[in-house]
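In UniProt numbering, the protein residues as written are 1 to 127.
Even for Gly, the Cβ is constructed at its ideal location relative to N, Cα and C.
In this text the structure is predicted, and so the values were computed from the model without any measurement.
One structure is given below, encoded as structure tokens.
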Amino acid sequence: MGLDRPLKVYVDGGCRPNPGRIEVAVVARGEIRFFDDLGEGGNGEAEWLALCLGLEVAQSLAVPLFDLLGDNRGVIAQASGVWPCRSALDRRYRDRFCALAKAAPPRRLRWIGRHQNLAGIALDRRR
1 MGLDRPLKVY
11 VDGGCRPNPG
21 RIEVAVVARG
31 EIRFFDDLGE
41 GGNGEAEWLA
51 LCLGLEVAQS
61 LAVPLFDLLG
71 DNRGVIAQAS
81 GVWPCRSALD
91 RRYRDRFCAL
101 AKAAPPRRLR
111 WIGRHQNLAG
121 IALDRRR
């Protein structure tokens, strides 16, 4: 990958049932990483965890530029600062994300449709 092209890191989280056991998938460089021991919670919490774990995966790859892509419009907008975090849970996760991002922030956060989200497709196939 050239230095001018950012790495795309796809993230998705969910739980079965909702609320229930949280699971997250992160896809970077064609590799799928699943995270299962994340406790219980709702879909919103799962999506925030996915974004934070995706950030950590990208940072561990030590690439100069990366984008985080997810299909939860609300979490992407809140993490980007475009939408306010109205709940204490969302504020706590946004603070966690921002603290993690200080070390190596994404070039951008981008909402994509579910059918484009490689992490979401991986979670669906796993079920």
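- With at least 16 other beta carbons inside 10 angstroms of its own, F97 counts as buried.
- For R127, same chain residues with a beta-carbon under 8 Å away, outside a window of 5 residues either side, are R16 in chain order.
- For G54, the closest alpha carbon among the candidates P84, E23, E40 is that of E23.
- Annotated as distal: G81 and A50, with beta-carbon spacing of 8 Å or more.
- Of the other Cβ atoms in all chains shown, fewer than 16 fall within 10 Å of the Cβ of E40; this residue is therefore exposed.
- Annotated as distal: G20 and E47, with beta-carbon spacing of 8 Å or more.
- With 16 or more other Cβ atoms inside 10 Å of its own Cβ, N72 counts as buried.
- Residue burial is scored here from C-beta neighbours: A103 has fewer than 16 other C-beta atoms within 10 angstroms and is therefore classed as exposed.
- Scanning G42, I121, A58, R94 for the CA closest to the CA of N18 turns up G42.
- C15: member of the beta strand (DSSP E) spanning 7-16, first to last residue.
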